[in-house]
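Numbering (this note's numbering), first residue to last: 23 to 833.
Here the structure is laid out as structure tokens; the discussion comes afterwards.
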Amino acid sequence: METGKSPRHDPGVDLRALGNTPQDFARDLLSNLYYERGTTVESASAQDMYDSLARTVRDRLAERRARTAAAHYQANPRWLYYLSAEYMLGRQLEQNLLYTGTTDLAREAVPDFDTTAAQDVEPGLGNGGLGRLAACLLDSLATMDLPAVGYGIRYDLGIFKQDLDAGGQVERPDDWAFQGNPWEFPAPDDNQVVGFYGKVTSVDGRREWEPAETVLGEPSHMLVPGYGTDTVNIVRLWRARAAQGSFDLTRFAHGQYAEAVADVVRSENISKVLYPDDSTDLGRELRLKQQYFLVSCSLRDIIRRFSFRNDGNWDEFAAKTTIQLNDTHPVLAIPELMRLLVDEYELDWDRAWRITHDTFGYTCHTLLPEALETWPVATIENLLPRHLEIIYEINARFLAEVSERFPGDVARIQRMSLVQEEPERRIRMANLAVVGSRAVNGVAALHSQLLAETTLRDFAELWPGRFHNVTNGVTPRRFVKIANPALSDLISSALGSDAWLRDLSLLQGLEPFAADDAFRARWREIKRANKLTLGVAPDFLTDVIVKRFHEYKRQLLKLLHTITLYQRIRAGETPAPRTVVFAGKAAPGYWAVKDVIRLINAVAATVNNDPAVAPYLKVFFPANYNVTLGQRIYPAADLSEQISLAGKEASGTGNMKLALNGAVTIGTLDGANVEIRDRVGADNFFLFGLDAAEAATLRSSDYRPRDYYERDDELRAAVDAIGDGTFAGGDRQAFGGVLASLLDRDEYLTLADFRSYLDAQAEVEKVWLDAEAWTAKSILNTARSGYFSSDRTIADYTRTIWGLDPVRVNP
Ligand code: AZC
23 METGKSPRHD PGVDLRALGN TPQDFARDLL SNLYYERGTT VESASAQDMY DSLARTVRDR
83 LAERRARTAA AHYQANPRWL YYLSAEYMLG RQLEQNLLYT GTTDLAREAV PDFDTTAAQD
143 VEPGLGNGGL GRLAACLLDS LATMDLPAVG YGIRYDLGIF KQDLDAGGQV ERPDDWAFQG
203 NPWEFPAPDD NQVVGFYGKV TSVDGRREWE PAETVLGEPS HMLVPGYGTD TVNIVRLWRA
263 RAAQGSFDLT RFAHGQYAEA VADVVRSENI SKVLYPDDST DLGRELRLKQ QYFLVSCSLR
323 DIIRRFSFRN DGNWDEFAAK TTIQLNDTHP VLAIPELMRL LVDEYELDWD RAWRITHDTF
383 GYTCHTLLPE ALETWPVATI ENLLPRHLEI IYEINARFLA EVSERFPGDV ARIQRMSLVQ
443 EEPERRIRMA NLAVVGSRAV NGVAALHSQL LAETTLRDFA ELWPGRFHNV TNGVTPRRFV
503 KIANPALSDL ISSALGSDAW LRDLSLLQGL EPFAADDAFR ARWREIKRAN KLTLGVAPDF
563 LTDVIVKRFH EYKRQLLKLL HTITLYQRIR AGETPAPRTV VFAGKAAPGY WAVKDVIRLI
623 NAVAATVNND PAVAPYLKVF FPANYNVTLG QRIYPAADLS EQISLAGKEA SGTGNMKLAL
683 NGAVTIGTLD GANVEIRDRV GADNFFLFGL DAAEAATLRS SDYRPRDYYE RDDELRAAVD
743 AIGDGTFAGG DRQAFGGVLA SLLDRDEYLT LADFRSYLDA QAEVEKVWLD AEAWTAKSIL
803 NTARSGYFSS DRTIADYTRT IWGLDPVRVN P
């Protein structure tokens with residue numbers, strides 16, 4: 023462990039004696055069954071067996087972890103600390119078996135392996151793309167031997183489980199660690215105390231914050247192994263605990279049971295639940311508490327690690343430490359580091375600011391103005407009074423710099439200020455992030471460009487050198503090797519090795535195979551088999567749109583197309599058979615898209631129960647889209663729907679997972695679609711729709727969705743079917759909200775893009791009917807998507823923003 027204790031191996035014990043013969047593995051499994059679960063193979067439950075297997079695998083990682091910590095201790099390297107409110111780690115067992123090379127041993131040692139593996143619960147500590155990206159980046163950091171720690175929150179309840187009841191989304195709590203989490207190591211020695219509320223006073227000319235409430239941050243970590251290397255990094259997750267003595271024994275003795283635990287409950291609520299909204303700024307005090315809790319615990323931990331290694335020499339801090347802020351959720355780290363340096367370590371402001379500014383990098387993941395966090399000044403003042411003072415001071419100095427550069431430009435100063443004045447005074451977290459960081463990046467080329475031209479334009483004018491692009495990527499280990507083992511084997515045999523798993527650019531070597539008849543046949547067989555595993559018809563085109571539900575992502579456009587297909591079939595046409603797969607969660611309070619989910623399922627019920635339609639069209643909505651379900655869907659997909667309104671999707675990462683699994687994209691010029699198309703070639707991508715500039719122009723003009731509706735017969739018929747009760751047993755009101763939003767506002771230009779989308783779908787169908795041509799495109803999508811490995815993303819961050827060196831772990 024890197025706790026500040028010197029890592030020493032007991033000279034008499036070689037931990038690598040955890041051998042990898044079948045006997046070693048079986049012995050360790052048995053011993054875990056006996057000594058950890060108190061049971062035997064004969065009487066073990068599936069949970070006993072799973073837990074013991076997990077520990078057996080974990081022990082092998084722990085040994086590597088110990089060697090990693092020793093190597094890091096020796097090297098005293100520059101560290102990356104990744105601060106993120108979300109990590110969507112996905113299931114752990116299969117990954118860790120793969121990374122320790124023990125998959126076959128486990129299959130041999132465990133009587134019913136599949137039942138055992140099915141006990142694995144994915145820790146869903148994130149909402150969507152941002153949280154899954156964080157997990158992919160951690161995987162690549164370890165794989166590339168980079169010294170990094172992820173910091174996050176150990177929510178008791180992760181992203182809700184989605185059920186479908188009468189076609190509508192119902193949320194159930196996700197008590198993911200209810201049966202325990204065998205992958206986790208508690209580290210109670212590294213507890214931190216976090217303060218909230220209270221007042222600030224001046225003592226000898228220094229400001230001193232006396233919090234009125236304190237909460238304990240208790241860390242535990244999960245292991246993050248690299249693939250094909252001995253490096254094992256960690257992700258450290260904080261859980262809120264009540265400070266000692268919070269339980270009120272006196273009240274308890276008087277029978278006031280609820281009051282007795284009130285303080286305990288209030289404290290522990292901080293890490294109780296992940297906020298299930300990734301689209302709007304919802305501004306609840308508890309969320310701000312979570313954010314500060316994460317930041318305060320993590321920074322103290324980072325400083326502890328630094329001081330131990332570097333004697334508290336602050337001038338070295340920024341050289342040894344780089345902290346990446348994953349969106350604005352952890353941005354309070356900027357005023358918190360200032361507070362620690364100025365108030366607690368007594369550095370002067372300028373020196374503290376230099377250190378702070380040189381330490382942070384900020385990644386922005388959105389373009390939607392409503393997703394940019396702001397906090398009421400009054401909320402911050404109450405919860406974090408000293409931080410508000412510091413933010414004001416940062417702002418005063420910053421605005422002085424702006425006025426010097428742009429004298430008299432009052433409008434600019436108002437736009438750039440960290441404080442929004444109207445209609446209510448609020449702190450703009452993205453502005454604070456940009457001011458307090460030495461580097462800012464978007465997550466795809468188009469996104470970074472639009473950030474600099476629109477959302478953060480004033481800042482890009484002031485500090486052009488601060489802005490970068492780092493295009494997202496995904497880990498090929500989880501999303502190809504584990505998700506699609508048959509395809510991975512085929513790729514390895516074609517390329518002559520599995521080196522592509524650590525260097526995804528090697529996939530290029532598949533290009534010639536697009537012209538190889540036998541290879542194409544094999545490629546198709548695997549796709550068919552993957553469809554059977556998913557439970558969809560093997561010979562239908564599998565057309566998938568899987569992602570969070572948002573209006574801007576336009577699941578509704580896909581649905582209008584589906585309705586049109588249905589109506590054409592009813593009118594006697596016989597299109598190429600297809601299954602349309604929708605999956606994804608909606609934020610619980612986001613009614614506009616919850617109605618869309620209900621409508622999709624209503625359409626599904628009608629379509630799937632119509633025998634005349636059955637040979638041509640099916641609609642499938644598996645509930646509870648998460649990493650695990652994604653791993654089954656991507657390998658089965660033929661067509662990847664990436665149809666957001668151009669200029670709205672920052673990047674997308676499902677687009678990459680699907681392309682790597684041989685799905686061909688139909689998409690707009692949005693997010694990373696642009697780069698996918700550049701790489702796979704325009705011939706292997708179905709493009710449609712307005713581009714970002716055209717969309718912006720149309721939105722700012724007098725856009726009338728009804729004009730499109732009136733002009734296009736098929737569009738009108740599809741929209742009318744939503745309103746006339748076709749999918750609601752004749753009830754014309756059932757989907758009135760959806761209808762009105764389309765016809766009266768259509769904020770995301772669904773009707774404007776409809777015809778262009780249908781034309782592109784006609785092209786899809788034409789190519790699909792030529793199976794050989796389609797398969798060639800599918801192979802080329804995989805072959806040319808090597809760029810979208812998160813290893814490349816990490817290489818880009820390392821080069822342009824982090825400046826890290828690898829540390830190799832000795833065998
Ligand atoms: C997402 C973006 O919407 C998506 O385009 C991008 O691929 C992903 O981040 C990773 O960069 N943003 C979020 O998920 N945002 C939140 C707050 O969850």
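Ideal Cβ placement from N, Cα and C applies to all residues, glycine included.
Just so you know, these numbers come straight off a predicted model, no measurement behind them.
Let me confirm a value: residue i is counted as buried when at least 16 other C-beta atoms fall within 10 Å, else exposed. Which label applies?
i	result
Gly26	Summary for Gly26: the model assigns pLDDT 43, below 50, so the residue's position carries little reliability; its value from the coordinates is reported in the next sentence. Classification for Gly26: exposed.
His387	buried
Lys221	exposed
Ser28	For Ser28, the predicted model reports a pLDDT of 46, less than 50, meaning its position is unreliable; a value from the coordinates is still stated below. Ser28 is exposed by the Cβ-count criterion.
His15	Past the edges of the chain, shown from 23 to 833, lies residue 15, and the structure says nothing about it.
Trp613	exposed
Gln117	buried
Asp226	exposed
Asp197	exposed
Asp73	buried
Thr90	buried
Val246	buried
Arg592	exposed
Gly180	buried
Thr272	exposed
Gly594	exposed
Arg176	buried
Ala537	exposed
Could you tell me how far apart the beta carbons of residue i and residue j are, in whole angstroms, since I believe they sit closer than 8 Å?
i	j	result
Thr236	Gly267	About 11 Å separates the two Cβ atoms, so there is no contact after all.
Gly711	Asn695	Not a contact, Cβ separation roughly 10 Å.
Ala605	Val558	With 8 Å as the limit, Ala605 and Val558 do not qualify as a contact, their Cβ atoms being about 12 Å apart.
Ala424	Leu484	First, the amino acid is wrong: residue 424 is Val here, not Ala. Contact holds; Cβ gap of about 7 Å.
Ser320	Tyr103	7 Å
Pro498	Leu526	5 Å
Ser242	Pro208	4 Å
Arg701	Asp734	Contact doesn't hold; Cβ gap of about 33 Å is too wide.
Arg500	Gly250	With 8 Å as the limit, Arg500 and Gly250 do not qualify as a contact, their Cβ atoms being about 14 Å apart.
Thr396	Asp303	6 Å
Gly752	Lys549	Rounded, the Cβ-Cβ distance is 40 Å, inconsistent with contact.
Thr378	Met360	5 Å
Ala598	Glu787	5 Å
Taking only beta-carbon atoms, is residue i less than 8 Å away from chain C?
i	result
Ser778	Protein chain content of the structure displayed is limited to a single chain, and chain C is not contained in it.
Practice item. May I have a chain-ordered list of the beta strand (DSSP E) segments no shorter than 3 residues that lie completely inside the region 578 to 655? Key: 600 to 605 and 639 to 642
Check your understanding: In chain order, which continuous runs of the alpha helix (DSSP H) of length 4 or greater are located wholly inside the region 348 to 404?
Key -> 355 to 361 and 371 to 381
Exercise for review: Output the residues surrounding ligand 1, defined as those with a CB atom closer than 6 Å to any ligand heavy atom, in chain order.
Suggested key: Asn149, Gly150, Gly151, Leu152, Leu155, Asp300, Asp349, His387, Thr388, Val465, Asn494, Glu671, Ala672, Ser673, Gly674, Thr675 and Gly693
Review point. Which runs of the alpha helix (DSSP H) spanning at least 4 residues fall entirely within the region 667 to 718, listed in chain order?
Key: 676 to 682 and 695 to 702
Exercise for review: Please go through the region 478 to 518 and give each complete beta strand (DSSP E) segment of 3 or more residues, from N-terminal end onward.
Suggested key: 489 to 491
Check your understanding: Can you list the alpha helix (DSSP H) stretches of 4 or more residues lying completely in the region 721 to 752, in chain order?
Key -> 727 to 733 and 735 to 745
Point to revise | Completely contained alpha helix (DSSP H) runs for the region 775 to 826, where each covers 4 or more residues | key: 793 to 805 and 812 to 819
Review point. At what residue ranges does the region 441 to 468 contain a whole run of the beta strand (DSSP E), taking only runs of 3 or more?
Key: 448 to 450 and 461 to 464
Practice item. Any chance you could list the alpha helix (DSSP H) runs of at least 4 consecutive residues sitting entirely within the region 263 to 318, in chain order? Key: 271 to 275, 279 to 282 and 284 to 290
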